[in-house]
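Right, one structure below, let's go through it.
Numbering (my numbering), first residue to last: -16 to 99.
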């Protein structure tokens, strides 16, 4: 026996259908984006610095700006930072060194001598 929908459930279903029809009519598609926590924090800082309140608005403006650029400018924007732009902090280096020593104590015989 099929369950009858409540008024609220019917309203919600109708609302979702209307939103879906509007999105299709206006050519809007949903694009799920996963990003690193540091990237999100940087985007939040940029939003505050430039007066954005919605991440979607900022991303749409970035997309339009990128698409309006010349192919050469697009290529320049897509270049990855050089390796020296990534810096390992002394704290991270110490943590790695400590973890390496613990691992070597757990598995003796894996040591490699560093050449002089």
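Glycine included, C-beta positions come from ideal geometry on N, C-alpha and C.
A straight-line Cα-Cα distance of about 32 Å links residue 60 and residue 8.
Look at the region -6 to 34 and you find these whole runs of alpha helix (DSSP H), each 4 residues long or longer: 20 to 33. Closest option to residue 38, judged by alpha-carbon separation, among 1, 47, 27 and 46: 27. The alpha-carbon separation between residue 52 and residue 92 amounts to approximately 56 Å. In this structure, the beta-carbon distance from residue 62 to residue 49 does not fall below 8 Å. Taking 8 Å as the upper bound for CB-CB distance, residue 41 and residue 30 are in contact here, some 6 Å apart.
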